[in-house]
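Going line by line, the protein sequences match chains A and B. Mind the numbering: the first sequence is residues -17 to 91 in my numbering, read in order. Mind the numbering: the second sequence is residues -17 to 91 in my numbering, read in order. Positions of the beta carbon are idealized from the N, C-alpha and C atoms, including for glycine. Written below as structure tokens is the structure these notes are about.
There are 2 protein chains.
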Amino acid sequence: MTLELPVLAIPRFDLDPPDVTAAVSVSALLADRTRAAILRMLRDGPHCVCELAAALGERENNVSNHLARLRDAGLVRATRHEVNARFLYYERDETAMAHARAAIDEVLR
Amino acid sequence: MTLELPVLAIPRFDLDPPDVTAAVSVSALLADRTRAAILRMLRDGPHCVCELAAALGERENNVSNHLARLRDAGLVRATRHEVNARFLYYERDETAMAHARAAIDEVLR
DNA sequence: TTAATATCTCAGCTGTTGCTGATATACTCA
DNA sequence: TGAGTATATCAGCAACAGCTGAGATATTAA
């Protein structure tokens, strides 16, 4: 398969810059091993901070910080456990996740 | 819709950390407005550095730097124009783009 | 060959981001 | 109520990434 170039080399200087702010915000969140792993782990169901921290070998306050970033972005939310309310279980907001995916797809598709 | 939590609050400390290195690398590339916009613009066909720089309001050496990052990652490649070989036209490697998308989908899906 | 254009490379500065350590809050159980 | 557990918050430090400015290479046209 061969490259399709304009017949004459006449650069166009009237092109509009695409709006990629949504994709960039989401990517910045995913561009960290801890946050990406958290989102991947929450695919399989809710987890509390101590479970995530243990699995990732990270300190809990560190994981908590990253969860705060994801919470601020609306990608996850927390619920206290009914039986033992000292555990905060985090789960993904699947609607927000779908939007995030769509924003990145707009660039990569 | 209600949150599905374990009946008893018994944290699991035997969970495996997911491998998210591919998704993190791609996201780091997308987490920059210039690079994301370049990839989006190249969706519509090849462009030379000066076109991309003009559309984005960025300096050409800056855009060239970002293109080098995308090239090193295998996401784009460059070809000199047949008629006027001083223009380097960049195009996406759609196979690499598909892999990038799959890596991110593994986290967001 | 010389001048101009298009692109690349890189050192140095700077703003951003993640981690650490300390402290605060919330909940449970004795 | 007090001790212990789970989580949150935040200031300060260190590492990293992007931009600038300068200089190099490649191609074309005069």
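Taking 8 Å as the CB threshold, leucine 12 of chain B lines the interface with chain A.
The alpha-carbon of aspartate 14 of chain B is positioned some 21 Å away from that of glycine 27 of chain B. Counting C-beta pairs with one atom in each stretch, the stretch 62 to 72 of chain B and the stretch 57 to 70 of chain A have fewer than three that are closer than 8 Å, which means they do not touch. The DSSP assignment places 58 to 62 and 70 to 74 as complete runs of the beta strand (DSSP E) inside the stretch 37 to 89 of chain A, in order along the chain (cut-off: 3 residues).
DSSP places isoleucine 20 of chain A inside the alpha helix (DSSP H), whose first and last residues are 15 to 24. Interface criterion not met: the Cβ of aspartate 54 of chain A is under 8 Å from no Cβ in chain B.
With contacts defined by Cβ atoms closer than 8 Å, arginine 22 of chain A and proline -12 of chain B do not form a contacting pair. Among the CB atoms of chain A, one or more fall inside 8 Å of the CB of alanine 5 of chain B. Put simply, the CB of arginine 83 of chain A is near chain B, with a gap under 8 Å to one of its CB atoms. The alpha-carbon of valine 89 of chain B is positioned some 33 Å away from that of asparagine 43 of chain B.
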